[in-house]
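Quick notes on the structure that follows.
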Amino acid sequence: MNWSTIRGKGSSEQAEVGYLSGYNGNGDEVVAGTPVCWDVPSADMKTFKIPAAANFGCVAGILDETVGTAGYTDRIIAYGKVTARTYGVATTFVPGANLAMVFE
C-alpha cells in the first residue's frame, strides 16, 4: 500500500489520503475519478471493475489516475479527499438528494 503522511488539523499541508493497488479487469480503460469495486467472482481481491449488481457491496475506492485495459495501478483512493465522476444527473446536483456529503 502507498500511504501518505498524516497531517495535523489546521495544517496547510494536503489532507491524508490512503491508496490501494489493483488490476483493471473491466475489459476496457477506466478513467480517473471513476468509483471501482472489487470483482467478487475473481476472488483474488486485486481485480477491480466498475460498480455492478454482483460487486456493489465491495467498494474499493475512486481511481486517481486512468488505468488502461488489463493495467495495474497503485492509485485507488480508499479514503481522503478526492474528485469523483458522477452519473445520471442531467444538469444540477441537490445536496442530500443526489449526493451524500461526508465531513472530516
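Residue numbers (my numbering): -18 to 85.
Beta carbons are placed, not taken as given, at the ideal position from N, Cα and C, and that holds for glycine.
Quick caveat: nothing in here was measured; it's all calculated off a predicted structure.
Identity of the residue in the options nearest residue i by Cα
i, options, result
"G130", "A59, T47 and G8", "Residue 130 is absent from the structure shown; the chain starts at -18 and stops at 85."
"A51", "E(-3), G6, A(-4) and S2", "G6"
"K30", "V11, A(-4) and T64", "V11"
"A24", "T15, P16, G3 and I43", "G3"
"A33", "E(-3), I43, G61 and C18", "C18"
"I57", "K27, G38, N36 and F37", "K27"
"V48", "A(-4), G8 and E(-3)", "G8"
Cβ-based burial, residue i [other Cβ within 10 Å; buried from 16]
i, result
"M(-18)", "Only weak support exists for where M(-18) lies, its pLDDT of 46 falling under 50; the value from the coordinates is given anyway. It is exposed - the Cβ of M(-18) has fewer than 16 other Cβ atoms within 10 Å."
"P16", "buried"
8 Å contact criterion, which residue i and residue j should meet: CB distance rounded
i, j, result
"G14", "T54", "Not really, about 13 Å apart at Cβ, beyond 8 Å."
Any non-hydrogen atom of the ligand GDP closer than 8 Å to residue i Cβ
i, result
"T15", "Ligands in the displayed structure: none, and consequently the ligand GDP is not present."
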